[in-house]
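S.K.:
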Amino acid sequence: WELSVVGQTAVDPGYARRVAAQARTLGLLPRIRFLDRLDDAALADAYRSHHLLAVPSYEGFGIAYLEAQRFGLPVIALTTGAAREAIIDGQTGFLVSPGDAAAIARHIAHLDGDRTALAGMGMSARLGYKLHPTWAASMAGAAHWLESIPPRQ
Numbered sequence: 004w005e006l007s008v009v010g011q012t013a014v015d016p017g018y019a020r021r022v023a024a025q026a027r028t029l030g031l032l033p034r035i036r037f038l039d040r041l042d043d044a045a046l047a048d049a050y051r052s053h054h055l056l057a058v059p060s061y062e063g064f065g066i067a068y069l070e071a072q073r074f075g076l077p078v079i080a081l082t083t084g085a086a087r088e089a090i091i092d093g094q095t096g097f098l099v100s101p102g103d104a105a106a107i108a109r110h111i112a113h114l115d116g117d118r119t120a121l122a123g124m125g126m127s128a129r130l131g132y133k134l135h136p137t138w139a140a141s142m143a144g145a146a147h148w149l150e151s152i153p154p155r156q
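What follows is the structure, given as structure tokens:
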């Protein structure tokens, strides 16, 4: 297995160093790639070359969930934030309680060991993406709602 960590390390360099140090201590550093921030083309390539997305942090909008599903990746995310709107637990990915690293590990191990389940969940994720409203449709709905509010007199 290989883990890719994508994110701008300059936001919190101390945290990035601690994560790398812990990976080194556990002997996992050779299996982990720290990719920093990726442009759109590199991010698309990363999605294409991976089997799932795990996001063990709070995401208010969760665009990464939809991006991953576009590429047919199941998503493992927290039960908080936007994940419940984008992920159908057990179908397009898994939802776990905040801080439950053991559940994340179990789901990853399950999908790694059952490639049929991984493929099925990936197909469901892709379908879920196609059924999700586009950004343009969401903004059109928001604009319509805002325009329906009568102006103050």
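Just so you know, we're using the numbering used here here: the sequence shown kicks off at 4 and counts up by one. Even for Gly, the Cβ is constructed at its ideal location relative to N, Cα and C. As the structure is a computational prediction, the values presented were derived from the model and not from experiment.
#1: For chain D, find out if any of its Cβ atoms is closer than 8 Å to the Cβ of residue 60; answer yes or no.
#2: So for residue 35, helix, strand or coil by DSSP?
#3: So what's residue 152 in DSSP terms, helix, strand or just coil?
#4: Rounded to whole angstroms, what's the CA-CA distance from residue 59 to residue 79? Just pull it up for me.
#5: Are the Cβ atoms of residue 86 and residue 70 separated by less than 8 Å?
#6: Identify every run of the beta strand (DSSP E) within the stretch 91-154, keeping only runs that are complete inside it and at least 3 residues long; order them along the chain.
#7: Going by CA-CA distance only, name the one from 66, 9, 126, 141 that's closest to residue 41.
#8: Secondary structure at residue 1, three-state DSSP: helix, strand or coil?
M.R.: This is what the structure holds:
#1: The structure shown contains no chain D; it is built from a single protein chain.
#2: Shown here, residue 35 sits in a strand according to DSSP, grouped into three states.
#3: Residue state, collapsed to three classes: coil.
#4: 8 Å
#5: The answer is no: Cβ separation not under 8 Å.
#6: Fully enclosed beta strand (DSSP E) runs of 3 or longer: 96-99.
#7: 9
#8: Because the chain spans 4 through 156 in this model, residue 1 falls outside it and cannot be assessed.
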